[in-house]
Every structure is written in C-alpha cells, then in structure tokens.
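So for the sequence shown, numbering that gives the first Met the number 0 puts the first residue at 0; every next one is plus one.
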Amino acid sequence: MGNVICICMNDANHIFIAADNRDGLRCPICEGFIKRVGCVVEGGLPTYDELRKRNKPALGLTPRFIWLEERLNQIEKATNRYFDNKEYIPIEWIEEYNLIVNELNNASGDL
C-alpha cells in the first residue's frame, strides 16, 4: 500500500503521512483517532488549505432569524391567498405573525 494522508480527529492541525492504510492508526502527536483524507500522489503533498476543504464540518442549522423570516413570508402568502378568496383567516396565523414580527424587531435592536 502507498502512503496515506491523515488528519487527527482531536486536532485538525495534526496532519501527517502514514506509511500504509491499515486500520487502528493513531495520531503520533496526541494518540487521537485519525481520518484518512487522501493518498500521496505524484506531484507532491496537498496544501493545508486543500486538506481543510476536503474536511469541511457538517452543515449546521439554519440561523433562527432566517427561519423566522421564511415562516413570516409563508404566513403572508397564505393570508393573502385567503384574503383574495374572501375566506376566513385563522386567528392563529395572525397571532404567529405578530409574535414573529415582535421577535425579529427585538432581535434587530440587539445588533
């Protein structure tokens, strides 16, 4: 087997080359578990930035203010459809709309 580029799961600054691809390899610096991220190929080693791009963290949550703005937009569209059809608009929608507007206005004052 060829050389394998590895990154430590404890500290992403611990990057090293392992001589083979066997299981059970540990970081030689801190003994943490490692993640294999590629093989050494002709032309040299990848840069630190290239390695970091390969190991982006998992996608997190949508920020709350974005989710609230999207929900506000959904409520506006739904109430407009009901209004255009001269249908009763549920009071729960109006209450939720007012709560979201209040929360977004309060949050913008915190900036």
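For each residue, glycine too, the CB sits at the ideal point set by N, CA and C.
Within the model, the alpha-carbon separation for Arg-80 versus Val-3 is close to 59 Å. Pairing Asn-105 with Ile-99, the inter-Cα distance amounts to about 10 Å. Judged by DSSP in its simplified three-state form, Lys-76 adopts helix. Less than 7 Å divides the Cβ of Asn-9 from the Cβ of Cys-29. Residue state for Ile-65 is assigned as helix, using DSSP reduced to three classes. The beta carbon of Glu-75 sits closer than 8 Å to the beta carbons of Tyr-96 from its chain, once the five residues preceding and following it are set aside; these are given in chain order. Contact between Val-36 and Cys-7 does not hold, since their C-beta atoms are separated by about 11 Å, which reaches or exceeds 8 Å. For Gly-31, same chain residues with a beta-carbon under 6 Å away, outside a window of 5 residues either side, are Cys-7, Met-8 and Asn-9 in chain order. Around the C-beta of Ile-65, fewer than 16 other C-beta atoms lie within 10 Å, and the residue is accordingly described as exposed. When DSSP states are grouped into helix, strand and coil, Ile-88 belongs to the coil group. In this structure, the CA atom of Asn-84 is about 10 Å from the CA atom of Thr-78.
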